[in-house]
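J.: What follows is a structure written as structure tokens; I'll ask about it next.
There are 2 protein chains.
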Amino acid sequence: MQRVPFEILYRELHRVLIAIGLAEERAALVARLFAENQRDGVHSHGLNRFPRFVSDIQAKRIDIKASPERVGGLGGLEQWDGKMGIGVWNAKVCMGRAIELARGQGIACVGLRNTNHWMRAGAYGLQAAEEGCIGICWTNTIPLMPPWGSAEARIGNNPLAIAVPRKDGPMLLDMAMSQYSNGKLEVLRRQGGELPTAGGYDGEGNLTRSPGAILDSRRPLPIGYWKGSALAVMLDAVAALVSGGRASHQIGREGAECAVSQVFLAINAAALGGQDELNTVANAIVDDLHAAVPILEAEGVRYPGEGMLRTRRESLAAGVLVDEEQFAALRAM
Amino acid sequence: MQRVPFEILYRELHRVLIAIGLAEERAALVARLFAENQRDGVHSHGLNRFPRFVSDIQAKRIDIKASPERVGGLGGLEQWDGKMGIGVWNAKVCMGRAIELARGQGIACVGLRNTNHWMRAGAYGLQAAEEGCIGICWTNTIPLMPPWGSAEARIGNNPLAIAVPRKDGPMLLDMAMSQYSNGKLEVLRRQGGELPTAGGYDGEGNLTRSPGAILDSRRPLPIGYWKGSALAVMLDAVAALVSGGRASHQIGREGAECAVSQVFLAINAAALGGQDELNTVANAIVDDLHAAVPILEAEGVRYPGEGMLRTRRESLAAGVLVDEEQFAALRAM
């Protein structure tokens, strides 16, 4: 691993995106998103995904000119069609629209269909939090995980993000419904590491900590066994219903992950109690967590998102941590 | 265990509620809720909880005359004060309000503060589904679980329900953020059973399947370890922010679980695609799950809520399964 200034990482990404044909505004946003994911330590959805993103564009699996379009709505609930455009662009636009609607409606929900991989769920939760709203969003995926009671991968791991605005740094949950995200398993297999807890089953149906065995068997463990399986199914159902788009089982039929469905919820809680009041409530929750006696003195007890924000500060001070090979590949693009 | 006709169970509950002073409409609703929870096999939040509910009323910890009141709002987002009234009554009213708002607004969210235990989260999700809406609701609780990295119980297990309407029976997720709900642990300790998987830690910090050891150590395992811990924290934060009510750490200071905060979300997805379209999408997801090859032939793969609906049909056909002692105690009340 090496450290690279954020600006240089951003400029390299931006250069490649312009070279493959993205318009300036889109290239700037996409480059910023990839660089920010890497900056925040989300190595499963940062630089490692960029070559695949570029090849999807070159293979015309992503339409770089498409703009998401509102296709229906009632009050604070809208349906948008992503038209197989750039996933991170579509997601930014739709969370932006939910935030805008929530200013007048208190709460808003945008369902987005026919879109592509948004990379990091948390990015759009943070987008809402930066605008003073509670942000909740999730996506469905290609089938990646067996439903409880089966060994066949039929349900998505359907990452979910929940963000709460807070002056000293937002609270952020960003998690897939599998104990470890597919991205994390891929990164760890590459590094040759083992998982800290069982993360799925091997080919013989035994629980294992080997990321490779789990990727090969396609049997990652849902969080909380049957509970995470059921939560993944429900998130998929709500995403398909609200967006009018495809459910995981339909995405699976294409062979590749495309035309996924997403949900963007913004809650303008500050309209009721005011932003200062929100901040006080969030701070009190954070303070109570920090007051907990830690099991390991050195680690402390962290609020959701705290580790990410610490990594962000380190990245901005000392440079963004990148894999040498991945960064060299980017420079050579 | 014995089987009792639903109507007799309902009448016994209703009789006691009238005797302790509930007005007819409230007695009818509360009796129906408790009887339905038992009918649906939710033995952790049915008849077993009724004596505690009655004693809370007799000790005036629950104000049976209080009515929840709207204290603020913007568009589809409203704040209600439960005024320490009957938890199941307040929850029914607030989900009813969210459904009503969602008819015109597409999506609505009611935050309810100063309320009491709503018993079964799923009841209010089902309420929305029966009205053709997607229902999402959750509650915070007294601290019941340590945050990840500590052994001190500082966060709630914050049950969450998500329901999707479907003609042949709604899809329903109803789960606490601990691997096993407190109610389930209590039932199993009473029965002298062991958990099927590790459900928490014993007093020495080792993972255990003993419900008693977990209740004593107050260290239930969050679903997915750090993930369920973080999800519980975020649900608590959103509940406190949206309702303007107490967070778990504040509820804990009272010693008893009262004045909790809840969130009721209704999404009128049928307003966009129509109820038939919703049904088709939900059916396709259910069909795909049913097509999965099960690991255990006899068990099959079920959609969320399927087991509950089967229990409901059995209860209505053959009588509701009740614990003899609990039912005898009810009759003697």
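Protein chains in written order, with the working numbering: chain D, 1 to 333; chain G, 1001 to 1333. The beta-carbon is built from N, C-alpha and C at its ideal position, and this holds for glycine as well.
Express the C-alpha separation of D1081/G and G1363/G in angstroms, rounding to a whole number.
T.: Past the boundaries of the shown model lies residue 1363/G; chain G is included only from 1001 to 1333, so the question cannot be answered.
J.: Considering I162/D, what are the terminal residues of the beta strand (DSSP E) in which it resides?
T.: Unbroken beta strand (DSSP E) run through I162/D: 160 to 164.
J.: DSSP beta-bridge partners for M1175/G?
T.: M1175/G is bridged to L1160/G.
J.: Counting only the same chain and skipping the five closest in sequence on each side, list residues whose C-beta sits under 7 Å from that of L1278/G.
T.: Only P1165, A1269, A1270 meet the Cβ criterion.
J.: So with CB distances below 7 Å, who are the chain G contacts of G72/D?
T.: Residues of chain G passing the Cβ test: L1272.
J.: Just checking: is the beta-carbon of N48/D within a distance shorter than 8 Å of some beta-carbon in chain G?
T.: False, the Cβ-Cβ gap to chain G never drops below 8 Å.
J.: Using a C-beta to C-beta distance shorter than 7 Å, which residues of chain D count as neighbours of Q1275/G?
T.: Per Cβ cutoff of 7 Å: no residues; Q1275/G is ~11 Å from chain D at best.
J.: Have a look at L17/D and L289/D and give me their C-alpha separation to the nearest angstrom.
T.: Their Cα atoms are separated by approximately 42 Å.
J.: Are the segment 251 to 271 of chain D and the segment 83 to 93 of chain D touching by the rule of at least three beta carbon pairs closer than 8 Å?
T.: Yes: the two stretches touch, three or more of their Cβ pairs being nearer than 8 Å.
J.: Taking a cut of 7 Å between CB atoms, which residues from the segment 1075 to 1094 of chain G lie near chain D?
T.: The residues in question are G1075, G1076, L1077, Q1079.
J.: Return the chain-ordered list of same chain residues with a C-beta closer than 7 Å to the C-beta of L309/D, the five sequence neighbours on each side being excluded.
T.: Same-chain partners within the cutoff: G169.
J.: Exposed or buried, which one is D1116/G when buried takes at least 16 other CB atoms within 10 Å?
T.: First, the amino acid is wrong: residue 1116/G is Asn here, not Asp. N1116/G should be labelled buried.
J.: Identify the residues that DSSP records as bridge partners of S150/D: which are they?
T.: P1294/G, per the DSSP bridge assignment.
J.: Counting only Cβ pairs nearer than 8 Å, list the residues of chain D close to C1137/G.
T.: Those do not exist, as C1137/G stays about 13 Å from chain D at its closest Cβ, beyond 8 Å.
J.: Per DSSP, L272/D is paired with what?
T.: Answer is none; L272/D lacks a bridge partner.
J.: Would you call the segment 22 to 30 of chain D in contact with the segment 97 to 114 of chain D, where contact means no fewer than 3 C-beta pairs closer than 8 Å?
T.: Counting Cβ pairs under 8 Å, fewer than three are found: no touch.
J.: Could you tell me how far apart the beta carbons of F327/D and C109/D are, in whole angstroms, since I believe they sit closer than 8 Å?
T.: In fact, because the Cβ distance is near 38 Å, the residues do not count as touching under 8 Å.
J.: Out of curiosity, what's the CA-to-CA distance linking G212/D and L188/D?
T.: Their Cα atoms are separated by approximately 8 Å.
J.: At the level of alpha carbons, what is the spacing between I64/D and Y124/D?
T.: Each residue's alpha carbon lies about 20 Å from the other.
J.: Taking just the CA atoms, how far does R1253/G sit from A1247/G?
T.: Each residue's alpha carbon lies about 11 Å from the other.
J.: Could you list which residues in chain G have their beta carbon closer than 7 Å to that of D40/D, in chain order?
T.: The contacting residues do not exist; D40/D stays about 16 Å from chain G at best.
J.: Tell me the rounded alpha-carbon separation between R337/D and V42/D.
T.: No answer is possible for residue 337/D: it lies beyond the span of chain D, which begins at 1 and ends at 333.
J.: Between I1162/G and chain D, is any beta-carbon pair separated by less than 8 Å?
T.: At least one chain D Cβ lies under 8 Å of I1162/G.
J.: Counting only beta-carbon atoms, is E127/D nearer than 8 Å to chain G?
T.: Position check: residue 127/D holds Gln in this sequence, whereas Glu was assumed. By this cut-off, Q127/D is not an interface position.
J.: Beta-carbon of L1247/G versus every beta-carbon of chain D: anything under 8 Å?
T.: Residue identity differs from the one stated: residue 1247/G is Ala in this sequence, not Leu. Closer than 8 Å: yes.
J.: Only counting the same chain, and skipping five residues up and downstream in sequence, which positions put a Cβ closer than 7 Å to that of I99/D?
T.: Hits under 7 Å: A128, E131, C133, A266.
J.: Assuming contact is defined by CB atoms lying nearer than 8 Å, are A239/D and W138/D in contact in what I supplied?
T.: Yes, Cβ-Cβ distance for A239/D and W138/D is below 8 Å.
J.: Indicate whether at least one CB of chain G lies closer than 8 Å to the CB of S181/D.
T.: So no, S181/D is outside the interface.
J.: What residue range is occupied by the uninterrupted beta strand (DSSP E) comprising D81/D?
T.: Looking at the DSSP string, the run of the beta strand (DSSP E) that includes D81/D is 77 to 81.
J.: Which whole runs of the alpha helix (DSSP H) in the segment 1292 to 1327 of chain G are 4 residues long or more, in chain order?
T.: With a minimum length of 4 residues, the continuous alpha helix (DSSP H) runs that stay inside the segment 1292 to 1327 of chain G are 1306 to 1318.
J.: Should Q1262/G and L1074/G be called a contact, given that it needs their Cβ atoms to be closer than 8 Å?
T.: No, these two residues do not count as a Cβ contact at 8 Å.
J.: For the alpha helix (DSSP H) containing C94/D, list its first residue and its last residue.
T.: Element bounds for C94/D: 87 to 105.
J.: What's the gap between the Cα of E12/D and the Cα of R52/D?
T.: Rounded to the nearest angstrom, the two C-alpha atoms are 16 Å apart.
J.: Run down chain G in chain order and give the residues with a C-beta less than 8 Å from the C-beta of M175/D.
T.: Those are G1224, K1227, A1230, L1231, listed as they occur along chain G.
J.: Could you check how far apart the C-beta atoms of F50/D and L330/D are, in whole angstroms? I think they sit under 8 Å.
T.: About 6 Å separates the two Cβ atoms, so the contact holds.
J.: For S44/D, report the span of its beta strand (DSSP E) as first-last.
T.: Looking at the DSSP string, S44/D is not in any beta strand (DSSP E), and its letter there is neither H nor E.
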